[in-house]
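*Asks:* In UniProt numbering, the protein residues as written are 1 to 556.
Note that the Cβ used here is the ideal one computed from N, Cα and C, for glycine as well.
Could you have a look at this structure, given as structure tokens, before my questions?
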């Protein structure tokens with residue numbers, strides 16, 4: 001019997017493609033014949049719901065805004081929008097005025113009226129369509145909010161120049177609208193920060209946080225249009241990223257920082273100003289904006305153990321200087337920049353792919369050098385206390401002190417990331433689960449002592465300020481993990497019971513977050529931290545109490 005010739009590989013796949021192509025041609029010919037003039041306007045409405053810019057990457061569903069409770073999503077003033085965030089699918093339905101037969105998904109337009117099962121790319125020239133934006137407050141109220149931001153936040157982390165901003169404020173405020181995207185975003189960022197600052201000073205910050213959420217959503221509504229190389233666009237993106245750091249999901253902040261850094265590089269902010277037309281004031285503003293986005297880039301990189309966007313070998317910009325431009329505390333800002341440089345080296349030498357290919361001994365040598373550099377930085381930054389004063393006084397931080405506390409906790413997180421590589425040790429499965437926040441500490445080490453100080457600082461965080469807690473959660477987790485792992489390895493330590501007691505506020509805070517199903521579901525980091533700390537605490541508690549029973553029985 002003669003065998004039929006074998007069909008070539010991929011024959012069935014090619015045949016399916018030919019059938020689809022034939023069907024597509026037939027449907028296209030039928031669609032061309034049945035095209036009506038009225039369909040074009042509807043089609044234009046649909047395609048305007050899609051943008052290729054960064055807005056297509058950011059989705060803030062209703063439950064993702066940690067400032068706005070589910071039952072308090074609408075406030076009486078100012079006029080609110082119809083949703084707490086924006087989603088491209090929802091935006092497309094709003095733009096289509098309720099037409100169910102048109103939909104927009106992931107940058108494609110699908111129109112069943114045309115009879116085609118294949119999606120086609122939406123035009124890239126249209127901006128994303130969003131629900132109605134919130135109205136701005138009166139000029140007098142807005143001016144008070146602007147002064148709030150510049151008298152507090154902007155003094156220590158200079159992002160905007162006060163004189164330039166106020167000049168533009170008085171010139172443009174009455175006509176402010178989203179068409180001037182950079183100004184609209186910057187203005188709403190400043191208003192949002194002001195309400196966040198006011199929330200720190202009240203025992204019930206819900207109303208202030210709700211207003212902060214309204215204005216940051218205003219700013220996010222034009223994020224797709226911040227694609228022009230202007231320094232104001234960089235400032236707007238950086239400001240939005242700073243605010244979104246205080247949310248359970250760190251991804252939007254990470255993407256905004258990456259976009260801001262690319263715009264900054266397009267403006268040559270990473271190069272020392274060589275343009276003779278720039279004044280010293282303009283050059284100083286450029287430096288401050290660059291270093292602000294730089295430190296965010298390095299901080300996010302070490303927290304997530306992902307590559308940073310700005311290489312230190314590809315920049316030559318000077319540090320901000322103490323000038324008479326404004327009342328900024330440049331010294332504190334420069335200390336934060338110095339720590340960011342070290343954070344970048346910690347990632348590069350200990351956590352990058354290249355570092356992973358090195359031996360443990362090589363990483364230990366690098367860790368020792370980084371530890372010395374970090375120790376020198378700490379001595380120059382003069383971080384001692386403030387925690388002793390804060391804890392003894394029982395007061396909560398505000399103003400300049402909160403920036404010093406954040407600096408201190410960022411230092412401790414960096415220290416724990418270095419410390420895990422100082423000496424190779426056998427690592428338990430639980431220690432592997434802790435992963436990138438790293439532990440493995442000998443008793444009495446510097447890292448263990450600093451971790452105890454960090455945990456005590458939980459008492460100084462303003463009550464009910466979830467955004468501040470989310471921003472510092474990595475540092476608290478690293479400190480708590482260090483203490484817990486030490487207890488599992490050294491249950492005989494004289495400070496064992498006091499350490500277990502010290503950790504109760506942090507563990508209670510994690511349990512509280514974990515009991516909220518919405519928060520727990522949308523934060524992968526929270527789930528990892530909660531599971532790790534729960535397992536470590538159970539093991540440490542068991543080891544300490546077992547030793548106590550054995551010790552008591554021995555002397556009974």
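I need the DSSP call for residue 513, collapsed to helix, strand or coil.
*Replies:* Numbered from its first residue, the chain shown carries residue 513 at position 513. In the structure shown, residue 513 sits in a helix (DSSP, three-state: H, G or I).
*Asks:* Note down the Cα distance separating residue 334 from residue 174, rounded to an integer number of angstroms.
*Replies:* As a first step, residue 334 is located in the chain shown; it is residue number 334 there, counting from the start. As a first step, residue 174 is located in the chain shown; it is residue number 174 there, counting from the start. Each residue's alpha carbon lies about 36 Å from the other.
*Asks:* Could you work out which residue in 358, 140, 320 and 307 is closest to residue 345 when comparing CA atoms only?
*Replies:* Taking the first residue of the chain shown as 1, we reach residue 345 at position 345. The shortest C-alpha separation from residue 345 is found at 307.
*Asks:* Would you mind working out which of 259, 317, 254 and 257 sits nearest residue 285, comparing C-alpha positions?
*Replies:* Locating residue 285 in the chain shown gives position 285, where the first residue counts as 1. Comparing Cα-Cα distances from residue 285 to each of 259, 317, 254 and 257, the minimum goes to 317.
*Asks:* Rank 26, 155, 20 and 536 by C-alpha distance to the C-alpha of residue 322 and give the top, closest one.
*Replies:* By one-based count along the chain shown, residue 322 stands at place 322. Residue 155 is the option with its Cα nearest to residue 322.
*Asks:* On the three-state DSSP scale, how would you describe residue 563?
*Replies:* Limits of the chain in this structure are 1 at one end and 556 at the other, which puts residue 563 out of reach.
*Asks:* Whose C-alpha, out of 24, 287 and 242, is nearest the C-alpha of residue 299?
*Replies:* Position 299 of the chain shown, counting from 1, holds the residue named residue 299. Of 24, 287 and 242, the residue nearest in Cα terms is 242.
*Asks:* Can you look up residue 336 in the DSSP assignment and give me helix, strand or coil?
*Replies:* The sequence position of residue 336 within the chain shown is 336, counting from 1. Helix, per DSSP.
*Asks:* Which residue comes first and which comes last in the alpha helix (DSSP H) that contains residue 361?
*Replies:* The residue you call residue 361 lines up with position 361 of the chain shown. Note, residue 361: alpha helix (DSSP H), 360-381.
*Asks:* What residue range is occupied by the uninterrupted alpha helix (DSSP H) comprising residue 407?
*Replies:* On the chain shown, residue 407 is found 407 positions in, with the first residue counted as 1. Residues 400-419.
*Asks:* Are there 16 or more other CB atoms within 10 angstroms of the CB of residue 474, so buried, or fewer, so exposed?
*Replies:* Residue 474 sits at position 474 when you count from the first residue of the chain shown. Label assigned to residue 474: buried.
*Asks:* Taking buried to mean at least 16 other C-beta atoms within 10 Å of its own C-beta, is residue 382 buried or exposed?
*Replies:* Numbered from 1 along the chain shown, position 382 holds the residue referred to as residue 382. By the 10 Å Cβ count, residue 382 comes out exposed.
*Asks:* How about residue 256 and residue 267: are their beta carbons less than 8 Å apart?
*Replies:* Indexing the chain shown from 1 puts residue 256 at position 256. Indexing the chain shown from 1 puts residue 267 at position 267. Not a contact, by the Cβ cut-off of 8 Å.
*Asks:* Check whether the region 178-197 and the region 213-227 touch, using three or more Cβ-Cβ pairs below 8 Å as the test.
*Replies:* Segments in contact, yes.
*Asks:* What is the residue span of the alpha helix (DSSP H) that residue 485 lies within?
*Replies:* As a working mapping, residue 485 is identified with position 485 in the chain shown. Residues 466-489.
*Asks:* Roughly how many angstroms separate the alpha carbons of residue 515 and residue 12, rounded to a whole number?
*Replies:* As a position in the chain shown, residue 515 is number 515, starting the count at 1. As a position in the chain shown, residue 12 is number 12, starting the count at 1. Going by the C-alpha atoms only, they are around 52 Å apart.
*Asks:* Express the C-alpha separation of residue 503 and residue 269 in angstroms, rounding to a whole number.
*Replies:* For the purposes of this step, residue 269 is taken as the residue at position 269 of the chain shown. For the purposes of this step, residue 503 is taken as the residue at position 503 of the chain shown. One C-alpha to the other measures close to 43 Å.
*Asks:* In angstroms with no decimal places, state the Cα-to-Cα distance between residue 354 and residue 170.
*Replies:* Here residue 354 corresponds to residue number 354 of the chain shown, with the count starting at 1. Here residue 170 corresponds to residue number 170 of the chain shown, with the count starting at 1. Spanning the two alpha carbons is a distance of roughly 52 Å.
*Asks:* Just how far apart, CA to CA, sit residue 196 and residue 352?
*Replies:* Position 196 of the chain shown holds residue 196. Position 352 of the chain shown holds residue 352. If you take the alpha carbons of residue 196 and residue 352, they lie about 35 Å apart.
*Asks:* Under the three-state reduction of DSSP, which class applies to residue 353: helix, strand or coil?
*Replies:* To locate residue 353, count along the chain shown from 1; it is residue 353. Helix at residue 353.
*Asks:* Taking the C-alpha atoms as reference points, what is the distance between residue 234 and residue 136?
*Replies:* Position 234 of the chain shown holds residue 234. Position 136 of the chain shown holds residue 136. Straight-line Cα distance between these residues: approximately 22 Å.
*Asks:* Only counting the same chain, and skipping five residues up and downstream in sequence, which positions put a Cβ closer than 6 Å to that of residue 338?
*Replies:* Taking the chain shown and counting its residues from 1, one reaches residue 338 at position 338. Closer than 6 Å at Cβ, skipping near neighbours: 377.
*Asks:* CB residue 543 to CB residue 462, shorter than 8 Å?
*Replies:* Translated into positions along the chain shown, residue 543 becomes position 543. Translated into positions along the chain shown, residue 462 becomes position 462. No, the pair does not count as a contact, with Cβ atoms beyond the cut-off.
*Asks:* Going by C-alpha to C-alpha distance, which of 360, 403, 413 and 192 sits closest to residue 374?
*Replies:* What you label residue 374 is simply residue 374 of the chain shown in a count that begins at 1. The residue with the shortest Cα to Cα distance from residue 374 is 413.
*Asks:* With a threshold of 16 other CB atoms inside 10 Å of the CB of residue 356, please say whether the residue is buried or exposed.
*Replies:* Here residue 356 is taken as the residue at index 356 of the chain shown, counted from 1. With fewer than 16 Cβ atoms within 10 Å of its Cβ, residue 356 is classed as exposed.
*Asks:* By Cβ distance below 6 Å, which residues in the same chain neighbour residue 193 in space, the five residues on each side in sequence not counted?
*Replies:* For the purposes of this step, residue 193 is identified with residue 193 of the chain shown, where counting begins at 1. Result list for residue 193: 149 and 153, in chain order.
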